[in-house]
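For reference, the structure discussed in these notes is given below.
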Amino acid sequence: MSDHPARSGPPSSPGIDNELGRVASRPSRSPYETLSPTSEQRAIVLYVDDDRANLLAFRAMAEPQYEVVTARSGEDALKLLGQLREVAVLIADQRMPGMSGIDLCERVRAVHPDIVRMLVTAYSDLTAAIAAINRGHVSRYLHKPWNADELMATLRDAVERYRLSITVQRMQLRISETERMYALGVLTASIGHELRTPLSVVNTNLRYARRAVTELLAPGKSPLPESARSSLRELEAALVDADDGAQRLIEVVEGISLSARSEPVAQQPVDLAHVVRSVLRLIRSEAALHAQLTVDQTAAPQVIGSATRVGQVLLNLLLNALQALPPRPVTTNQVKVRLFEEKGRAVIEVSDNGTGIEQQHLARIFDPFFTTKRQGTGLGLAISRQIIEEMGGEIAVASDLGVGTRFTVSWPILQSAR
Ligand SMILES: Nc1ncnc2c1ncn2[C@@H]1O[C@H](COP(=O)(O)OP(=O)(O)OP(=O)(O)O)[C@@H](O)[C@H]1O
Ligand SMILES: [Mg+2]
Numbered sequence: 004m005s006d007h008p009a010r011s012g013p014p015s016s017p018g019i020d021n022e023l024g025r026v027a028s029r030p031s032r033s034p035y036e037t038l039s040p041t042s043e044q045r046a047i048v049l050y051v052d053d054d055r056a057n058l059l060a061f062r063a064m065a066e067p068q069y070e071v072v073t074a075r076s077g078e079d080a081l082k083l084l085g086q087l088r089e090v091a092v093l094i095a096d097q098r099m100p101g102m103s104g105i106d107l108c109e110r111v112r113a114v115h116p117d118i119v120r121m122l123v124t125a126y127s128d129l130t131a132a133i134a135a136i137n138r139g140h141v142s143r144y145l146h147k148p149w150n151a152d153e154l155m156a157t158l159r160d161a162v163e164r165y166r167l168s169i170t171v172q173r174m175q176l177r178i179s180e181t182e183r184m185y186a187l188g189v190l191t192a193s194i195g196h197e198l199r200t201p202l203s204v205v206n207t208n209l210r211y212a213r214r215a216v217t218e219l220l221a222p223g224k225s226p227l228p229e230s231a232r233s234s235l236r237e238l239e240a241a242l243v244d245a246d247d248g249a250q251r252l253i254e255v256v257e258g259i260s261l262s263a264r265s266e267p268v269a270q271q272p273v274d275l276a277h278v279v280r281s282v283l284r285l286i287r288s289e290a291a292l293h294a295q296l297t298v299d300q301t302a303a304p305q306v307i308g309s310a311t312r313v314g315q316v317l318l319n320l321l322l323n324a325l326q327a328l329p330p331r332p333v334t335t336n337q338v339k340v341r342l343f344e345e346k347g348r349a350v351i352e353v354s355d356n357g358t359g360i361e362q363q364h365l366a367r368i369f370d371p372f373f374t375t376k377r378q379g380t381g382l383g384l385a386i387s388r389q390i391i392e393e394m395g396g397e398i399a400v401a402s403d404l405g406v407g408t409r410f411t412v413s414w415p416i417l418q419s420a421r
């Protein structure tokens with residue numbers, strides 16, 4: 004779960020100017036920071052020039068806005084790029100001993116195609132620079148000596164371009180993940196559907212067999228010898244076990260259809276206690292691997308809406324809670340579900356003592372595609388909020404970093420049964 008990209012290179016690397024080539028140390032990123040580069044993060048700009056004075060001047064100019072990394076040759080720049088991640092822009096002087104700026108850009112393009120590459124060149128090298136642009140190695144060139152305003156404006160565009168291209172890539176990835184999840188959801192729902200009919204046949208016949216055996220054993224009704232009665236009692240016990248098993252299977256199948264996303268929205272009375280039970284049955288064994296899962300139910304309210312959809316919301320909240328738990332002994336991790344009534348409303352609360360949510364992310368967690376997880380689609384909470392609001396309910400969150408998170412879902416009560 005943890006994601007700590009090694010942005011900071013070693014303090015000194017061979018062949019890299021230690022003073023100028025230093026990589027500003029940054030606090031390690033939290034696993035809960037969004038993976039897409041956001042405008043709050045300073046973009047990394049790599050400036051390559053054999054002239055030390057130019058490097059200093061560039062650093063002084065760009066440092067306030069960008070994280071500046073410098074190198075004095077193409078070879079050093081390539082080494083640095085091997086150590087750094089997520090460099091947004093490369094600016095290379097064309098005339099350097101050894102590798103030229105264009106050659107460097109060409110090599111960088113092959114290995115790090117996302118980095119926006121720019122050339123600083125004297126007028127005498129213009130033809131080569133334009134050819135490099137035409138071949139796609141370089142996105143644009145700047146005249147030397149550069150004009151500070153022009154350079155800063157160009158840098159801004161370049162960083163924006165980098166961010167856009169990364170965002171598009173991430174969105175593409177998420178769309179394909181969403182499609183995969185949708186296909187999985189449809190498959191699971193259809194398996195649940197297929198199982199429902201045969202299961203209810205098994206269930207009905209088991210009940211019938213139990214009733215028949217119980218009747219045969221009823222006092223005074225059966226002229227059976229004691230040996231037959233004892234076999235019947237064993238048969239009865241076996242049928243009770245089989246019936247229990249069938250009940251569990253039915254609940255699992257109900258749980259599967261609760262987790263499927265494709266059913267039409269029903270507007271019916273929903274027994275929240277039943278939904279909580281079904282979802283917990285579905286998730287309990289998986290949850291036990293990560294946390295102590297407790298349920299505290301002080302009411303059995305009904306609300307109006309769709310049980311399937313409420314189940315889906317609860318499942319999303321529970322999965323998020325489990326995913327927020329740090330790797331530590333299972334007994335330390337707590338996930339709690341509470342079902343209660345308060346001020347005429349039915350409330351389901353899901354809380355955990357996991358990592359918590361950073362203040363700056365709190366306002367965004369319900370946005371579609373906002374995720375801090377490598378495998379996340381960022382759709383769980385967005386879909387949940389939509390479902391809750393369609394049912395006339397509300398969803399709220401409270402979180403303390405390092406302490407835990409509590410999601411509260413509430414609806415007007417339709418009917419209350421204690
Ligand atoms: N219980 C929680 N503790 C800490 N962070 C949470 C919790 N629930 C949600 N979050 C934060 O909210 C973000 C959005 O959650 P959401 O469920 O919408 O998407 P996701 O979990 O990232 O992806 P998906 O649900 O598709 O797997 C998460 O990535 C995470 O940063
Ligand atoms: Mg989620």
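Just so you know, we're using the numbering used here here: the sequence shown kicks off at 4 and counts up by one. Glycine included, each C-beta is placed from N, C-alpha and C at the ideal position.
| Alpha carbon to alpha carbon, how far is Ile19 from Thr130? | For Ile19, the predicted model reports a pLDDT of 34, less than 50, meaning its position is unreliable and no value from the coordinates is stated.
| message | For Asp53, report the span of its alpha helix (DSSP H) as first-last. | response | That residue, Asp53, is in no alpha helix (DSSP H); it is neither H nor E in DSSP.
| Taking the runs of the alpha helix (DSSP H) that are 4 residues or longer, which of them lie wholly in the region 238 to 313? | DSSP runs (the alpha helix (DSSP H)) wholly in the region 238 to 313: 275 to 291.
| task | Could you check if Ala51 is buried or exposed, using at least 16 other CB atoms within 10 Å of its CB as the buried criterion? | result | Going by the sequence as given, residue 51 is Val instead of Ala. Val51 is buried by the Cβ-count criterion.
| At which residues does the alpha helix (DSSP H) containing Gln172 begin and terminate? | From DSSP, the alpha helix (DSSP H) with Gln172 extends over Ala151 to Leu220.
| field | For Gln418: DSSP bridge partner residues | value | Paired residue(s): Gln305.
| When the Cα atoms are used, what is the spatial distance from Ala294 to Arg341? | So the alpha carbons of these two residues sit roughly 16 Å apart.
| Close-in-space but distant-in-sequence residues of the same chain around Met394 (CB under 8 Å, 5 per side omitted) | For Met394, where only same-chain residues beyond five positions count, the Cβ hits under 8 Å are Val306, Ile307, Gly308, Ser309, Arg312, Val313 and Trp414.
| field | Collapsed DSSP secondary structure at Met121 in the structure displayed | value | Secondary structure at Met121: strand, using DSSP grouped into helix, strand and coil.
| request: Quick one: which unbroken alpha helix (DSSP H) runs of 4-plus residues sit fully inside the region 60 to 136? Chain order, please. | output: Taking only runs of at least 4 residues, the alpha helix (DSSP H) segments lying wholly in the region 60 to 136 are 77 to 86 and 104 to 114.
| message | In the DSSP assignment, the beta strand (DSSP E) including Leu342 goes from what residue to what residue? | response | Leu342 -> beta strand (DSSP E) spans Gln337 to Glu345.
| Cutoff 6 Å; reference Val338; Cβ partners in own chain excluding five residues on either side | Contacts found: Ala294, Leu296, Ala324 and Asp355.
| query | Measuring CA to CA, which of Ile47, Arg166 and Ala349 is closest to Val279? | reply | Out of Ile47, Arg166 and Ala349, Ala349 has the C-alpha closest to the C-alpha of Val279.
| query | DSSP on Ile398, reduced to helix/strand/coil? | reply | The answer is strand: DSSP assigns Ile398 an E or B state.
| said: Does chain B have any CB closer than 9 Å to the CB of Leu202? | reply: Judged by its chain identifiers, the structure shown contains no chain B, having just a single protein chain.
| request: Within 10 angstroms of the Cβ of Arg388, are there 16 or more other Cβ atoms? Answer buried if so, exposed if not. | output: Looking at its Cβ environment, which holds 16 or more other Cβ atoms inside 10 Å, Arg388 is buried.
| request: With distances taken Cα to Cα, identify the nearest neighbour of Glu257 among Gln271, Ala186, Asp247 and Ile194. | output: Ranking Gln271, Ala186, Asp247 and Ile194 by Cα distance to Glu257 puts Ile194 first.
| said: Between Gly347 and Gly405, how many whole angstroms is the CB-CB distance? I'm expecting something under 8 Å. | reply: That pair is no contact at about 35 Å.
| said: Going by DSSP in three states, Leu365 sits in which element: helix, strand or coil? | reply: Helix at Leu365.
| request: Tell me whether Thr217 is buried or exposed, calling it buried when 16 or more other Cβ atoms sit within 10 Å of its Cβ. | output: Exposed, by the Cβ-count rule.
| message | For ligand 1, I want to know if Leu176 counts as a neighbour, meaning its beta carbon is within less than 8 Å of at least one of the ligand's heavy atoms. | response | Closer than 8 Å to some heavy atom of ligand 1: that does not describe the Cβ of Leu176.
| What are the boundary residues of the beta strand (DSSP E) that includes Ala385? | Here Ala385 belongs to no beta strand (DSSP E); instead the alpha helix (DSSP H) covers Gly383 to Glu393.
| said: Tell me which residues share the same chain as Gly85 and place their Cβ nearer than 8 Å to its Cβ, disregarding the 5 neighbours each side in the sequence. | reply: Within the same chain, and ignoring the five residues on either side of Gly85 in sequence, no residue has its Cβ closer than 8 Å to its Cβ.
| field | Local conformation of Ala325 per DSSP, three classes | value | Note that residue 325 is Leu in the sequence shown here, rather than Ala. Note: Leu325 maps to helix in three-state DSSP.
| Is it right to say Asn57 is buried, meaning 16 or more other beta carbons lie within 10 angstroms of its own, or is it exposed? | Buried is the call here.
| Cβ-heavy atom distance, Met121 to ligand 1, below 8 Å | Ligand 1 never approaches Met121 closely enough for any of its heavy atoms to be under 8 Å from the residue's Cβ.
| Three-state secondary structure (DSSP) at Leu227? | Leu227: coil per DSSP, three-state reduction.
| request: Return the first residue and the last residue of the beta strand (DSSP E) that Asp355 is part of. | output: For Asp355, the enclosing beta strand (DSSP E) has its first and last residue at Arg348 to Asp355.
| request: Could you name the residues of the same chain whose beta carbon sits closer than 8 Å to that of Gln270, not counting the 5 residues immediately before and after it, in chain order? | output: Spatial neighbours of Gln270 in its own chain (CB-CB distance under 8 Å, excluding positions within 5 residues in sequence) are listed in chain order as Ile307, Gly308 and Ser309.
| If you check the beta carbons only, do Glu66 and Thr380 fall under 9 Å apart? | Cβ distance not < 9 Å, so Glu66 and Thr380 don't count as in contact.
| query | Which residues mark the beginning and the end of the beta strand (DSSP E) in which Arg138 is found? | reply | Counting along the chain, Arg138 falls outside any beta strand (DSSP E), and DSSP gives it neither H nor E.
| For Gly407, the residue or residues it bridges with in DSSP | In DSSP, Gly407 forms a bridge with Asp403.
| query | So who's on the other strand from Val48, going by DSSP bridges? | reply | DSSP lists Val71 and Val92 as the bridge partner or partners of Val48.
| said: Looking only at its chain, what residues have a beta carbon closer than 6 Å to the beta carbon of Ile286, apart from the 5 residues adjacent to it on each side? | reply: Within the same chain, Ile286 has close Cβ partners Leu321.
| query | Just checking, does the region 327 to 337 make contact with the region 365 to 374 on the three C-beta pairs under 8 Å criterion? | reply | Taking a cut-off of 8 Å on C-beta distances, the region 327 to 337 does not touch the region 365 to 374, as fewer than three cross pairs fall below it.
| field | Beta carbon nearer than 5 Å to a non-hydrogen atom of ligand 2 | value | Chain-ordered list of matching residues: Asn323 and Gly383.
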